[in-house]
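K.L.:
In UniProt numbering, the protein residues as written are 1 to 185.
The beta-carbon is built from N, C-alpha and C at its ideal position, and this holds for glycine as well.
Following this message is one structure expressed as structure tokens.
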Amino acid sequence: ETARYLAQHPWELYRIPPDYFEKIIAEIMASHGFEVQLNVRLLGAGKGDEADIIAVRQISGMKKPIRYIIECKRYAKERKVDLKIATHLYGLKHRFAQEWGLDRVLLATTSNVTKDVMEEYGNRWDFEIKDHEKIIEWLEEYSESKGGVFLRKQGLYTRANELVLTSLKIGDKHKDLHQQLYVVK
1 ETARYLAQHP WELYRIPPDY FEKIIAEIMA SHGFEVQLNV RLLGAGKGDE ADIIAVRQIS
61 GMKKPIRYII ECKRYAKERK VDLKIATHLY GLKHRFAQEW GLDRVLLATT SNVTKDVMEE
121 YGNRWDFEIK DHEKIIEWLE EYSESKGGVF LRKQGLYTRA NELVLTSLKI GDKHKDLHQQ
181 LYVVK
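Here is the structure:
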């Protein structure tokens with residue numbers, strides 16, 4: 001229901017917390033058959049060298065799986081992703097290609113990218129850009145993954161000019177069920 005709601009109310013993408021946006025992108029990738037990991041610290045990397053998502057999928061007929069490093073930017077409509085961020089992400093792919101088997105980049109944003117990002121990376125086979133419009137298309141096409149990685153376990157609803165996101169998770173230590181509530185005004 002979250003994906004359907006966001007597809008029907010695309011402006012709400014600007015209001016959700018950034019970590020929730022990452023979970024939405026991870027869920028979409030999982031629904032396309034990818035195994036996903038969130039907030040992956042790249043071994044030996046410096047500060048800030050973390051992947052929001054690593055997504056891996058084995059395609060029949062291919063020797064090795066496709067491996068994406070994914071950066072998610074939940075930005076305001078007016079704020080575009082700049083060349084510095086895109087270049088850093090592309091550099092991470094190359095630095096950790098051997099160790100992690102990374103061969104593709106996906107930059108997902110609720111806004112758009114600058115003109116220089118499009119000029120530098122827009123036509124590369126190994127660099128995909130999913131802007132606000134393409135994210136909405138993904139949400140419209142979404143069908144729950146087998147495990148329902150995130151969205152089935154979370155809900156989204158509105159009340160009196162607030163966007164409310166709930167997240168259910170099982171606690172690590174005592175297997176307690178916790179509920180987080182995000183209210184965005």
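Buried or exposed for G123, going by 16 or more other Cβ atoms inside 10 Å?
P.N.:
As a working mapping, residue 123 is identified with position 123 in the sequence shown. Per the sequence presented here, residue 123 reads as Asn, with Gly not at that position. The residue in question, N123, is exposed, as its Cβ has fewer than 16 Cβ neighbours within 10 Å.
K.L.:
Taking only the alpha-carbon atoms, compute the straight-line gap between F96 and I70 and give it to the nearest angstrom.
P.N.:
In the sequence shown, counting from the first residue as 1, residue 96 sits at position 96. In the sequence shown, counting from the first residue as 1, residue 70 sits at position 70. Distance between the alpha carbons of F96 and I70 is about 13 angstroms.
K.L.:
Kindly indicate the opening and closing residues of the alpha helix (DSSP H) around E141.
P.N.:
Taking the sequence shown and counting its residues from 1, one reaches residue 141 at position 141. 132 to 141 is the span of the alpha helix (DSSP H), which, as asked, contains E141.
K.L.:
How would you label N161, buried or exposed, when you count the other beta carbons within 10 angstroms and need 16 or more for buried?
P.N.:
The residue given as residue 161 occupies position 161 in the sequence shown. Note that N161 has pLDDT 42, beneath the 50 cutoff, so the model's placement of it is unreliable and no number is given.
K.L.:
Quick one, are the C-beta atoms of L107 and V113 less than 8 angstroms apart?
P.N.:
As a position in the sequence shown, residue 107 is number 107, starting the count at 1. As a position in the sequence shown, residue 113 is number 113, starting the count at 1. Cβ atoms of L107 and V113: closer than 8 angstroms.
K.L.:
Can you list the beta strand (DSSP E) stretches of 3 or more residues lying completely in the UniProt domain "Restriction endonuclease type IV Mrr" (15 to 139), in chain order?
P.N.:
Taking only runs of at least 3 residues, the beta strand (DSSP E) segments lying wholly in the UniProt domain "Restriction endonuclease type IV Mrr" (15 to 139) are 35 to 41, 50 to 57, 66 to 73, 104 to 109, 127 to 130.
K.L.:
Count the other CB atoms, across all protein chains shown, that sit within 10 Å of the CB of I16; report buried if there are 16 or more and exposed otherwise.
P.N.:
For the purposes of this step, residue 16 is taken as the residue at position 16 of the sequence shown. I16 is buried by the Cβ-count criterion.
K.L.:
Return the residue from the list D19, E27, M29 that minimises the CA-CA distance to N39.
P.N.:
Here residue 39 refers to the residue found at position 39 when the sequence shown is read from its first residue. Among D19, E27, M29, the Cα nearest to that of N39 belongs to D19.
K.L.:
S60 and S143 - do their beta-carbons sit closer together than 8 angstroms?
P.N.:
Residue numbering aside, residue 143 sits at position 143 when the sequence shown is read from its first letter. Residue numbering aside, residue 60 sits at position 60 when the sequence shown is read from its first letter. No, Cβ-Cβ distance for S143 and S60 is not below 8 angstroms.
K.L.:
With 16 other CB atoms within 10 Å as the buried threshold, where does K63 fall?
P.N.:
As a first step, residue 63 is located in the sequence shown; it is residue number 63 there, counting from the start. Exposed, by the Cβ-count rule.
K.L.:
Indicate the three-state DSSP secondary structure (helix, strand or coil) for A3 in the structure shown.
P.N.:
Numbered from its first residue, the sequence shown carries residue 3 at position 3. A3 falls in the helix class under three-state DSSP.
K.L.:
With H94 and L13 assumed to form a contact (beta carbons below 8 angstroms), what rounded beta-carbon distance in angstroms separates them?
P.N.:
For this step, residue 94 is matched to residue 94 along the sequence shown. For this step, residue 13 is matched to residue 13 along the sequence shown. With 8 angstroms as the limit, H94 and L13 do not qualify as a contact, their Cβ atoms being about 30 angstroms apart.
K.L.:
At the level of alpha carbons, what is the spacing between I24 and T109?
P.N.:
Looking up residue 24 in the sequence shown gives position 24. Looking up residue 109 in the sequence shown gives position 109. In a straight line, the C-alpha of I24 is about 12 angstroms away from that of T109.
K.L.:
Quick one: what's got a C-beta closer than 7 angstroms to F127's C-beta in the same chain, skipping five residues either side?
P.N.:
If you number the sequence shown from 1, residue 127 lands on position 127. Around F127: Y90, V105, Y121.
K.L.:
Count the other CB atoms within 10 Å of the CB of D52; is the residue buried (16 or more) or exposed (fewer)?
P.N.:
Within the sequence shown, the letter at position 52 stands for residue 52. With 16 or more other Cβ atoms within 10 Å, it is buried.
K.L.:
Short of 7 angstroms in beta carbon distance, which residues of its chain neighbour A76, apart from the five on each side in sequence? Order them along the chain.
P.N.:
Residue 76 sits at position 76 when you count from the first residue of the sequence shown. Hits under 7 angstroms: Y14, S111.
K.L.:
Within its chain, find whatever has a CB closer than 6 angstroms to the CB of D82; leave out the 5 residues flanking it on each side and keep chain order.
P.N.:
Start at 1 with the first residue of the sequence shown, and residue 82 comes out as number 82. Counting only Cβ-Cβ distances below 6 angstroms, and skipping sequence neighbours, we find T114.
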